[in-house]
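Just so we're aligned: the sequence shown equals residues 1156 to 1301 in my numbering.
Every residue gets a Cβ at the ideal spot worked out from N, C-alpha and C, and that includes glycine.
Quick caveat: nothing in here was measured; it's all calculated off a predicted structure.
What follows is a set of notes on a single structure, which appears directly below.
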Amino acid sequence: MDMMEILPFITWFGVVAIALGVGMGTMLWAYRGKGTPKVLFTDAVLMSPSLRKSNMASTFHYGYDAFQAENYSAALTAFNDVIREIPDSAEALHNRGLVLANLGKDNESVRDLVLATELYIERDNGTAIGLIRQQIETLKNRDEGE
């Protein structure tokens, strides 16, 4: 095989490699860009004094710390555990709603935030209700922005 036969193959191979590289680069850029859910909430809600006295305080604290460290999978597991043991924990439901929002599961997030609101209403916690109202508005704005 002489150089004249190999040159077209090398040229063809180079063009194909460049085309594949550009295509893969574009797909990666799209995945990391607009297609990735944006983290909306950076702060979790602190536990209530009554929860501090429960056997789930350390689990809640672990979930809180995981949330703050942006380890949303671990936070979700912890808040699920708290809710399973203490279904009326408004703070755990509130935080799970925030975790779900950060994971891009907005419908599930709103469900938890509404449930937390109902529990906050029972406690007459207007501050928490106002916070959830703002957070739901933030979720709504994300949906409208897409």
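- If you check the CB distance, ILE1287 and LEU1268 come in under 8 angstroms.
- Per DSSP, reduced to three states, the secondary structure at ALA1271 is helical.
- In the three-state reduction of the DSSP assignment, ASN1226 falls in the coil class.
- Judged by DSSP secondary structure, ALA1256 falls within the alpha helix (DSSP H) whose first and last residues are 1245 to 1257.
- Taking a contact to require three or more Cβ pairs closer than 8 angstroms, the segment 1231 to 1240 and the segment 1209 to 1218 qualify as touching.
- Remark: C-beta atoms of ALA1256 and LEU1294 approach each other more closely than 8 angstroms.
- C-alpha of ARG1251 to C-alpha of SER1264: approximately 7 angstroms in a straight line.
- For GLU1273 and GLN1290, the gap between their C-alpha atoms comes out near 15 angstroms.
- The distance from the Cβ of ARG1266 to that of LEU1195 is about 16 angstroms, inconsistent with a contact at the 8 angstroms cut-off.
- In the displayed model, ASN1296 falls within a helix according to three-state DSSP.
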